[in-house]
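Colleague: Take a look at this one; I'll ask things after.
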Amino acid sequence: MKNLILDKNCIVAVIGAGAMGSGIAQVAATAGHQVLLFDTRAEVVDKAIATLLITLNKLVEKQKITFEKADQIKNNIHPAYKLEDLKDADLVIEAIIEQLHVKQELFRNLEVIVSTNAILASNTSSLSVTAIAASCNNSSRVIGLHFFNPAPLMPLVEVIPAMQTDVNLPLQLKQLMLDWNKVPVLAKDTPGFIVNRVARPFYGEALRICEEGIADHATIDWALKEFGGFKMGPFELMDLIGNDINYTVTETVWTQCYFDPRYRPSIIQKRMVESNRLGRKVGKGYYDYEEGAINPEPNKDSILGKQIFDRVMVMLINEAADALHYKIASKEDIDLAMTKGVNYPKGLLKWADEIGIDSVVSHLNNLYEMYQEDRYRSNILLKQMANDNNKFF
Ligand SMILES: NC(=O)c1ccc[n+]([C@@H]2O[C@H](COP(=O)([O-])OP(=O)(O)OC[C@H]3O[C@@H](n4cnc5c(N)ncnc54)[C@H](O)[C@@H]3O)[C@@H](O)[C@H]2O)c1
18 MKNLILDKNC
28 IVAVIGAGAM
38 GSGIAQVAAT
48 AGHQVLLFDT
58 RAEVVDKAIA
68 TLLITLNKLV
78 EKQKITFEKA
88 DQIKNNIHPA
98 YKLEDLKDAD
108 LVIEAIIEQL
118 HVKQELFRNL
128 EVIVSTNAIL
138 ASNTSSLSVT
148 AIAASCNNSS
158 RVIGLHFFNP
168 APLMPLVEVI
178 PAMQTDVNLP
188 LQLKQLMLDW
198 NKVPVLAKDT
208 PGFIVNRVAR
218 PFYGEALRIC
228 EEGIADHATI
238 DWALKEFGGF
248 KMGPFELMDL
258 IGNDINYTVT
268 ETVWTQCYFD
278 PRYRPSIIQK
288 RMVESNRLGR
298 KVGKGYYDYE
308 EGAINPEPNK
318 DSILGKQIFD
328 RVMVMLINEA
338 ADALHYKIAS
348 KEDIDLAMTK
358 GVNYPKGLLK
368 WADEIGIDSV
378 VSHLNNLYEM
388 YQEDRYRSNI
398 LLKQMANDNN
408 KFF
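Counting the sequence shown from 1 gives a position; our numbering is that position plus 17.
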């Protein structure tokens, strides 16, 4: 594959003008690229561009950007109404519906429209990049580029080479993401990549504690904020993300990991979705967001709170260690991903060093002994590190 120089002169095409695509288009245009924005629904493209203009005007009003910069960004974005309009694109970023066969069909059609050395990236959160790449004749130019929502504000981008991806492409895209003022991390093409896998216990263990009646959601949220310094508790965060979306991600990681009990979704989550308590977007989730609504007060018992925090924390650390053990990413990138992708106050592996690996392992062993469930097995790397008295950093 002929190497393309990825600089400001590259034309970027974004496919899918929804929540993610419109944000990615804004990021690329802000970085100085000419951007083509395409969606199968023309009205969605027009609406995304109109909304972007409003956003830019607000940013000028708040003096976050100059009038000239806003003007430049506006002039950099161009609507596209046919896939053929993307023929001159050097880099295409796909952000359409999360369905493998739809993405594969798009990549197949796209491949014959763009030039032979154009790069094709997917913003998929949960599908196999390797399976998407397999739809192309030249799959070496296909890669995952996973932005976080909202793309203009969240710094993290996971760069995910498929099995077939050209070896030079990940580094080229990492550099491009740095040029876009993003924080890129390199992740293996495995379910949930880094963030959506490592973060699972934040929700899953919180739900389990709630399910067992150890504490209610308000108390669990309080405990993680109070003792962990998290900006939001797991239930507050699930309400923000949307309980339907969170449930789907959990179920996808669980099934793709061949039903590993660590990722098993909770019945509570399922019932929340069934009862349309999807969170903030519908005004009701674990909390009631209607004006004047009364929500439960947490039980601020510090012994209980610390127990809750410790249990969720060791499960998170176990997951981060597992990701390192299975070479999903480097220890630096795992910590960077969690602080820059989901705003954790500290990287989990650095946190493990502070807590002490031996105490993390002994806590996991206690849980394992108590429940006799595979879910609580300690990762082998942690066990070895505890034996050798090692630290991650
Ligand atoms: N929403 C998030 O928090 C988030 C975060 C990271 C990654 N993602 C991923 O980004 C992608 C898009 O998610 P979203 O939340 O922006 O979805 P969205 O529903 O807001 O937007 C998707 C857009 O794609 C368009 N579309 C569907 N099929 C198409 C096709 N064949 N060709 C062109 N356009 C098509 C739709 O009309 C829609 O406007 C998904 O793969 C999702 O997993 C989402």
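Glycine included, C-beta positions come from ideal geometry on N, C-alpha and C.
Below 6 angstroms CB to CB, which residues in the same chain sit around L398 once its five sequence neighbours on both sides are set aside?
Modeller: Sequence index remark: in the sequence shown, residue 398 carries index 381 (1-based). Result list for L398: A338, H342, in chain order.
Colleague: Taking 6 angstroms as the cut-off, is the C-beta of R58 nearer than that to any heavy atom in ligand 1?
Modeller: What you label residue 58 is simply residue 41 of the sequence shown in a count that begins at 1. Result yes, Cβ under 6 angstroms from ligand 1.
Colleague: Starting from the C-beta of I177, find all residues in its chain whose C-beta is less than 7 angstroms away, skip the five residues before and the five after it, and write them out in chain order.
Modeller: Counted from its first residue, the sequence shown places residue 177 at position 160. So the list reads V146, I160, G161, H163, A204, D206, F210, once near-sequence residues are dropped.
Colleague: Would you say the beta carbon of T141 is closer than 6 angstroms to some non-hydrogen atom of ligand 1?
Modeller: Start at 1 with the first residue of the sequence shown, and residue 141 comes out as number 124. Because some heavy atom of ligand 1 lies under 6 angstroms away, the Cβ of T141 counts as near it: yes.
Colleague: At what residues does the alpha helix (DSSP H) containing V331 begin and finish?
Modeller: Counting from one through the sequence shown, the residue named residue 331 turns up at place 314. That run of the alpha helix (DSSP H) goes 319-342.
Colleague: What are the boundary residues of the beta strand (DSSP E) that includes P96?
Modeller: Counting from one through the sequence shown, the residue named residue 96 turns up at place 79. P96 -> beta strand (DSSP E) spans 94-97.
Colleague: Just to confirm my understanding: we take E228, look at its own chain, exclude 5 residues before and 5 after, and list those with CB closer than 8 angstroms. What are they?
Modeller: Start at 1 with the first residue of the sequence shown, and residue 228 comes out as number 211. Hits under 8 angstroms: S283, I284, I285.
Colleague: Is any heavy atom in ligand 2 found nearer than 6 angstroms to the beta carbon of G35?
Modeller: As far as ligands go, the structure on display features ligand 1 and does not contain ligand 2.
Colleague: Does the beta carbon of V61 fall short of 6 angstroms from some heavy atom of ligand 1?
Modeller: Counting from one through the sequence shown, the residue named residue 61 turns up at place 44. Answer for V61: yes, Cβ within range of ligand 1.
Colleague: Report yes if the C-beta of A112 is less than 6 angstroms from at least one heavy atom of ligand 1; otherwise report no.
Modeller: The sequence position of residue 112 within the sequence shown is 95, counting from 1. Yes, the Cβ of A112 comes within 6 angstroms of a heavy atom of ligand 1.
Colleague: Along the beta strand (DSSP E) that carries F164, what are the first and last residues, could you check?
Modeller: Translated into the one-based positions of the sequence shown, residue 164 becomes position 147. Element bounds for F164: 159-164.
Colleague: In terms of residues, what are the limits of the alpha helix (DSSP H) holding S139?
Modeller: Locating residue 139 in the sequence shown gives position 122, where the first residue counts as 1. Careful: S139 lies outside any alpha helix (DSSP H), inside the beta strand (DSSP E) at 136-139.
Colleague: Indicate whether R158 and I130 have their beta-carbon atoms separated by less than 7 angstroms.
Modeller: The count along the sequence shown starts at 1 and reaches residue 158 at position 141. The count along the sequence shown starts at 1 and reaches residue 130 at position 113. Contact: no.
Colleague: Given that a residue counts as buried once 16 or more other Cβ atoms are within 10 Å of its Cβ, and exposed if not, what is D405?
Modeller: For the purposes of this step, residue 405 is identified with residue 388 of the sequence shown, where counting begins at 1. Classification for D405: exposed.
Colleague: Which stretch, first to last residue, makes up the alpha helix (DSSP H) that contains P187?
Modeller: Here residue 187 corresponds to residue number 170 of the sequence shown, with the count starting at 1. Where P187 is concerned, the enclosing alpha helix (DSSP H) stretches over 186-196.
Colleague: For a test of your reading of the model: does the CB of N166 fall under 6 angstroms from any non-hydrogen atom of ligand 1? Yes or no.
Modeller: To locate residue 166, count along the sequence shown from 1; it is residue 149. Checking every heavy atom of ligand 1 against the Cβ of N166, one is found closer than 6 angstroms.
Colleague: Take P315 as the anchor and find which of L241, G246, T267 has the nearest alpha-carbon.
Modeller: Mapped onto the sequence shown, residue 315 falls at position 298. Closest by alpha carbon: L241.
Colleague: Verify the contact flag: I320, CB atom, against every heavy atom of ligand 1, threshold strictly below 6 angstroms.
Modeller: Here the question's residue 320 lines up with position 303 in the sequence shown. I320: no, Cβ never under 6 angstroms from ligand 1.
Colleague: Please determine, among L254, D352, T141, the residue with the shortest C-alpha to C-alpha distance to E111.
Modeller: The residue given as residue 111 occupies position 94 in the sequence shown. Answer by Cα proximity: T141.
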